[in-house]
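Asks: Just so you know, we're using the numbering used here here: the sequence shown kicks off at 87 and counts up by one. Yeah, the Cβ is synthetic: ideal placement off N, Cα and C, and Gly gets one too.
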Amino acid sequence: MGRIHGAGRIEAIETVEVRARVDGYLDKVNFKAGDKVKKGDLLFVIDPRPYRAELNRAVGELERAKARLELAKNDLQRAEHLRRAKAISEEEYDTRSKGQREASAAVRSAEAAAQTARLNLEFTEIRAPISGRIGRELVTPGNLVSGGGGGGTLLTIIVSVDPIYVYVDADERAVLKYRRLAEAGKRSNARETRIPAKLALLDEAEFVHVGYIDYIEPRMDPNTGTLRARGVFDNPNELLSPGFFARLRVPGSAPYQGLLIPERAIGTDQGQKFVWIAKDDGSVEYRRIVPGAATGRMRVISEGLQPGDWVVIEGIHKLRPDTRIEAERIPLAGTDGSSS
87 MGRIHGAGRI EAIETVEVRA RVDGYLDKVN FKAGDKVKKG DLLFVIDPRP YRAELNRAVG
147 ELERAKARLE LAKNDLQRAE HLRRAKAISE EEYDTRSKGQ REASAAVRSA EAAAQTARLN
207 LEFTEIRAPI SGRIGRELVT PGNLVSGGGG GGTLLTIIVS VDPIYVYVDA DERAVLKYRR
267 LAEAGKRSNA RETRIPAKLA LLDEAEFVHV GYIDYIEPRM DPNTGTLRAR GVFDNPNELL
327 SPGFFARLRV PGSAPYQGLL IPERAIGTDQ GQKFVWIAKD DGSVEYRRIV PGAATGRMRV
387 ISEGLQPGDW VVIEGIHKLR PDTRIEAERI PLAGTDGSSS
């Protein structure tokens with residue numbers, strides 16, 4: 087099967103800057119640099135005492151505003167009775183109605199202030215927004231940090247590690263080859279389904295990491311003449327680290343049925359590949375084959391063999407069409423073929 091190769095870099099799916107959201111003195115750091123953290127883990131504590139006091143004050147103001155609203159409601163109810171009895175002027179009634187509306191607005195304002203104070207107190211506990219590996223603490227206890235949204239003091243960084251992305255740039259020739267195969271129905275469309283992919287690190291000869299392509303950019307980069315694709319790979323042992331160089335391999339044609347035999351069983355005759363087949367009567371048959379991809383010391387045979395054929399794997403250079411042999415038949419574990 088043809089393959090499309092590319093080189094790229096490994097990147098984390100998520101990288102988050104952990105920043106302070108309120109002002110104060112950093113009180114505690116609850117992790118060690120490089121720890122694996124889970125979403126929601128407590129990382130830092132900012133001195134909560136000023137914010138606890140502010141929350142208590144805001145709650146007190148809210149209770150006071152509610153009491154004033156209750157009084158204003160009672161005053162308005164009395165004013166309504168007096169109004170029906172024509173014992174109060176319209177001006178006085180309007181004043182009491184306005185007082186009730188103002189008291190109701192004051193309660194809403196006090197509720198908002200109490201909610202803000204409650205949030206600020208919660209923000210003194212800084213928790214992990216994602217799961218992953220955490221960097222070193224950039225601020226130590228005792229130092230003043232500031233909040234303020236995106237401008238808050240940067241405290242540390244967390245990167246997700248499992249699964250992980252691999253970005254690779256494919257040249258125009260490889261992209262066209264793949265699209266022609268998809269057009270001919272020999273390969274699934276990468277934009278409609280997950281395409282299997284394999285990855286090898288710098289020190290790996292074999293593509294041992296299995297994943298899939300989940301995204302292809304919609305346009306070619308005119309400056310480089312490449313199209314960027316993204317692979318997703320499980321990384322439970324964290325061997326794949328953000329920033330590592332990686333080689334990516336994607337099948338270039340549709341899978342086909344083939345048999346797997348040892349490389350040493352294949353001979354070459356005037357540029358043609360062949361094997362010897364051991365027959366039940368002790369004779370051997372010369373059989374031309376079409377070899378496919380290599381897998382370690384094994385070779386996929388796409389044409390020329392059938393399940394149940396016994397392929398001679400030792401001493402093939404001594405064989406001739408009239409040779410008689412006594413073969414020891416040894417099934418090859420994990421393959422569709424047989425050997426002798």
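Let me check understanding here. Comparing Cα to Cα, which of 395, 407 and 405 lies closest to residue 416?
Replies: Among 395, 407 and 405, the Cα nearest to that of residue 416 is on 395.
Asks: Round the Cβ separation of residue 319 and residue 250 to the nearest angstrom and send it over; I've been treating them as touching at under 8 angstroms.
Replies: Yes, they are in contact, since the Cβ atoms of residue 319 and residue 250 sit about 6 angstroms apart, within 8 angstroms.
Asks: Do the region 104-118 and the region 185-192 meet, that is, are 3 or more Cβ pairs less than 8 angstroms apart?
Replies: Short answer: they don't touch.
Asks: Check whether the region 110-130 touches the region 217-227, taking contact to mean three or more Cβ pairs, one atom from each stretch, closer than 8 angstroms.
Replies: Yes: at least three Cβ pairs fall under 8 angstroms.
Asks: For residue 167, write down the residues that DSSP places opposite it in a beta bridge.
Replies: In DSSP, residue 167 forms no bridge with anything.
Asks: Measure the alpha-carbon distance for residue 266 versus residue 233 and round it to whole angstroms.
Replies: Residue 266 and residue 233: Cα-Cα distance of roughly 54 angstroms.
Asks: Considering Cα atoms alone, identify which of 374, 364 and 242 is closest to residue 356.
Replies: If we check each option's Cα against that of residue 356, 374 comes out closest.
Asks: So, with DSSP's three-state summary, where would you put residue 104?
Replies: If DSSP states are grouped into helix, strand and coil, residue 104 belongs with the strands.
Asks: What's the gap between the Cα of residue 154 and the Cα of residue 183?
Replies: The straight-line gap from Cα to Cα measures roughly 13 angstroms.
Asks: Unbroken beta strand (DSSP E) runs of length 3 or more, entirely within the region 99-148: which are they?
Replies: Those beta strand (DSSP E) runs which fall completely within the region 99-148 and span 3+ residues are 101-105, 110-115 and 128-132.
Asks: Please confirm whether residue 148 and residue 197 have their CB atoms less than 8 angstroms apart.
Replies: Yes, the Cβ-Cβ distance between residue 148 and residue 197 is below 8 angstroms.
Asks: Beta-carbon within less than 6 angstroms of residue 101's beta-carbon, same chain only, minus the 5 sequence neighbours each way: which residues are those?
Replies: Result list for residue 101: 245, in chain order.
Asks: Using 10 angstroms around the beta-carbon of residue 237, count the other beta-carbons present and answer buried if the total reaches 16, otherwise exposed.
Replies: The residue in question, residue 237, is exposed, as its Cβ has fewer than 16 Cβ neighbours within 10 Å.
Asks: Could you say which of 335, 330, 328 and 150 lies nearest to residue 256 if we only look at CA atoms?
Replies: The candidate whose alpha carbon is nearest that of residue 256 is 335.
Asks: Mind the definition here: the region 122-142 touches the region 199-209 only if three or more C-beta pairs lie below 8 angstroms; say whether that holds.
Replies: These segments touch.
Asks: Distance cutoff 8 angstroms, beta carbons only. Does residue 367 sit that close to anything in chain C?
Replies: The structure shown has no chain C; it contains just one protein chain.
Asks: Just to check my reading of the structure: residue 333 and residue 286 have Cβ atoms closer than 8 angstroms, yes? What is that Cβ distance to the nearest angstrom?
Replies: Yes, they are in contact, since the Cβ atoms of residue 333 and residue 286 sit about 5 angstroms apart, within 8 angstroms.
Asks: Could you have a look at residue 193 and say whether DSSP puts it in helix, strand or coil?
Replies: In this structure, residue 193 counts as helix in the three-state DSSP scheme.
Asks: Go ahead and label residue 345 buried or exposed: buried means 16 or more other beta carbons lie within 10 angstroms of its beta carbon, across all protein chains shown.
Replies: The residue in question, residue 345, is buried, as its Cβ has 16 or more Cβ neighbours within 10 Å.
Asks: What do you get for residue 317, buried or exposed, if any count of 16 or more other CB atoms within 10 angstroms of its CB means buried?
Replies: Buried: at least 16 other Cβ atoms inside 10 Å.
Asks: In the DSSP output, which residue or residues are listed as bridge partners for residue 437?
Replies: Because residue 437 is not part of the residues shown, which for the chain are 87 to 426, the question remains open.
Asks: Closer than 7 angstroms by C-beta to residue 410: which residues in its own chain qualify, once you throw out the five before and the five after it? Chain order, please.
Replies: Excluding residues within five positions, the ones whose Cβ falls inside 7 angstroms are 368 and 369.
Asks: DSSP beta-bridge partners for residue 287?
Replies: Bridge partners of residue 287: 332.
Asks: Taking all protein chains shown into account, do 16 or more other C-beta atoms lie within 10 angstroms of the C-beta of residue 202, making it buried, or fewer, making it exposed?
Replies: So residue 202 ends up on the exposed side.
Asks: How close, in whole Å, do the beta carbons of residue 145 and residue 200 come, if the pair is a contact with beta carbons under 8 angstroms?
Replies: Residue 145 to residue 200, Cβ: 5 angstroms. Contact.
Asks: Counting along the chain, where does the beta strand (DSSP E) carrying residue 312 start and finish?
Replies: Here the beta strand (DSSP E) through residue 312 covers 312-319.
Asks: Ignoring anything shorter than 4 residues, give me the alpha helix (DSSP H) runs that lie fully in the region 208-253, in order along the chain.
Replies: Qualifying alpha helix (DSSP H) stretches: none in this window.
Asks: Would you tell me roughly how many angstroms separate the C-alpha atoms of residue 195 and residue 111, rounded to the nearest one?
Replies: Rounded to whole angstroms, residue 195 to residue 111 spans 29 angstroms at the Cα level.
Asks: Using a Cβ-Cβ cutoff of less than 8 angstroms, which residues in the same chain neighbour residue 421 once the five nearest sequence positions on both sides are dropped?
Replies: No answer about residue 421 holds up, because its pLDDT of 48 lies below 50 and its placement is not dependable.
Asks: Rounding to the nearest angstrom, what Cα-Cα distance links residue 88 and residue 263 in this structure?
Replies: Unreliable positioning characterises residue 88 in this predicted model, as indicated by a pLDDT of 46, which lies under 50. The coordinate reading is nonetheless provided below. Approximately 10 angstroms, taken between the alpha carbons.
Asks: Using only alpha-carbon positions, find the residue among 161, 288 and 124 that is nearest to residue 326.
Replies: Minimum Cα distance to residue 326 is reached at 288.
Asks: Tell me which residues share the same chain as residue 363 and place their Cβ nearer than 7 angstroms to its Cβ, disregarding the 5 neighbours each side in the sequence.
Replies: For residue 363, where only same-chain residues beyond five positions count, the Cβ hits under 7 angstroms are 370, 371, 373, 395, 396 and 397.
Asks: What are the partner residues of residue 256, as DSSP defines its beta bridges?
Replies: Paired residue(s): 313.
Asks: Using 10 angstroms around the beta-carbon of residue 423, count the other beta-carbons present and answer buried if the total reaches 16, otherwise exposed.
Replies: The predicted position of residue 423 is uncertain, since its pLDDT is 45 and thus under 50; a value taken from the coordinates is nonetheless stated next. Flag for residue 423 reads buried.
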